[in-house]
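Step one of this worksheet: look at the structure below.
Here it is as structure tokens:
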């Protein structure tokens, strides 16, 4: 079984540019989560999809961040325009629909905004 | 709000030494508690969990006991190996049945020297 895959693994962009991160969850996993770790601090929740619907986006920092999950498969997280404080590692995780199912994390995308 | 606090790292130990990584939490109700581990170049993996007071989670020689009276979930291992070198994250979930939305601590880097 393929794990959660994220692309790209690294991205370096300039302030003001746009970046799109992609996450492919494990096939059949209805739940998809985005998290972010900034500057070696704690990992923070961004949002949660159930299939194609946003279940909880309470952690999205501002309207420069847009997440989508068309068709309930892969998800994208777009940052537009990027700011310096957006630098960090963005993690995606997925789980099955059953209550209490374990989370499976991707390796993360390291975003550097210069 | 709910939060998780971990001891600051890095922690450097010699092989076969005893390991303790402290974790305390603040939460209303009865959260589930987790330890995740991130090995170099990989995503986070669930190491162990406990869902109620006095539960002990264990895996790969690691243990942690859910102590409600001290609001703690300290991670221990009797004899560490070089292969245990990683970043360890303590986390909680305060949503019944949804263990995907997690509140993480800042992570503790463990380096084990031969």
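Protein chains in written order, with this note's numbering: chain P, 1 to 114; chain W, 1 to 114.
Using N, Cα and C, we set each Cβ at its ideal position, and we do this for glycine too.
A quick note: this is a predicted structure, and the numbers were derived from the prediction, not measured.
Asked, Found
"Which of the residues in the region 20–37 of chain P, read from start to end, lie with their CB under 7 angstroms from any CB of chain W?", "31, 33"
"Taking one C-beta from the region 4–15 of chain P and one from the region 91–102 of chain P each time, how about it: are there three or more such pairs within less than 8 angstroms?", "yes"
"Do you know whose CA, among W/66, W/87, W/19, lies nearest residue 31 of chain W's CA?", "W/66"
"So, at 7 angstroms on beta carbons, what are the nonlocal neighbours of residue 111 of chain P in its own chain, with the 5 sequence-adjacent residues on each side left out?", "11, 19, 86, 87, 88, 90"
"Would the region 3–17 of chain W and the region 103–113 of chain W be scored as touching if the rule is three or more Cβ pairs under 8 angstroms?", "yes"
"Does residue 71 of chain P come out as helix, strand or coil in the three-state DSSP assignment?", "helix"
"Contact between the region 22–34 of chain P and the region 45–53 of chain P is defined here as three or more beta-carbon pairs at a separation below 8 angstroms; is this criterion met?", "yes"
"Taking only beta-carbon atoms, is residue 9 of chain P less than 7 angstroms away from chain W?", "no"
"Using 7 angstroms as the limit for Cβ to Cβ distance, is residue 61 of chain P near chain W?", "no"
"Whose C-beta lies closer than 8 angstroms to the C-beta of residue 56 of chain W among residues of the same chain, with five residues either side of it excluded?", "50, 63, 64, 65, 66"
"Could you check the C-alpha separation between residue 115 of chain W and residue 6 of chain W for me, to the nearest Å?", "Residue 115 of chain W lies beyond the stretch modelled for chain W, which goes from 1 to 114, so this question has no answer here."
"So, with DSSP's three-state summary, where would you put residue 69 of chain W?", "coil"
"If you drop the 5 nearest sequence neighbours on each side, which residues of the same chain put their C-beta closer than 8 angstroms to that of residue 67 of chain P?", "34, 46, 47, 49, 54, 57, 60, 75, 76, 77, 78"
"Check whether the Cβ of residue 9 of chain W lies closer than 7 angstroms to any Cβ atom in chain P.", "no"
"Tell me the rounded alpha-carbon separation between residue 39 of chain W and residue 109 of chain P.", "15 angstroms"
"Report back the beta-carbon spacing between residue 37 of chain W and residue 91 of chain W to the nearest angstrom; my notes put them in contact at under 8 angstroms.", "With 8 angstroms as the limit, residue 37 of chain W and residue 91 of chain W do not qualify as a contact, their Cβ atoms being about 11 angstroms apart."
"For a contact meaning CB atoms closer than 9 angstroms, what does residue 104 of chain W contact in chain P?", "35, 37, 42, 43, 44, 45"
"Residue 18 of chain W and residue 61 of chain W - do their beta-carbons sit closer together than 7 angstroms?", "no"
"Hey, how far is the Cα of residue 29 of chain P from the Cα of residue 75 of chain W?", "30 angstroms"
"Using 8 angstroms for Cβ pairs, my map puts residue 16 of chain P next to residue 82 of chain P. What's the rounded Cβ distance?", "7 angstroms"
"Contact check, residue 108 of chain W vs residue 82 of chain W under 8 angstroms by CB: the rounded distance?", "Not confirmed; about 17 angstroms, so no contact."
"Output the distance between the C-alpha atoms of residue 47 of chain W and residue 102 of chain P, rounded to the nearest integer angstrom.", "11 angstroms"
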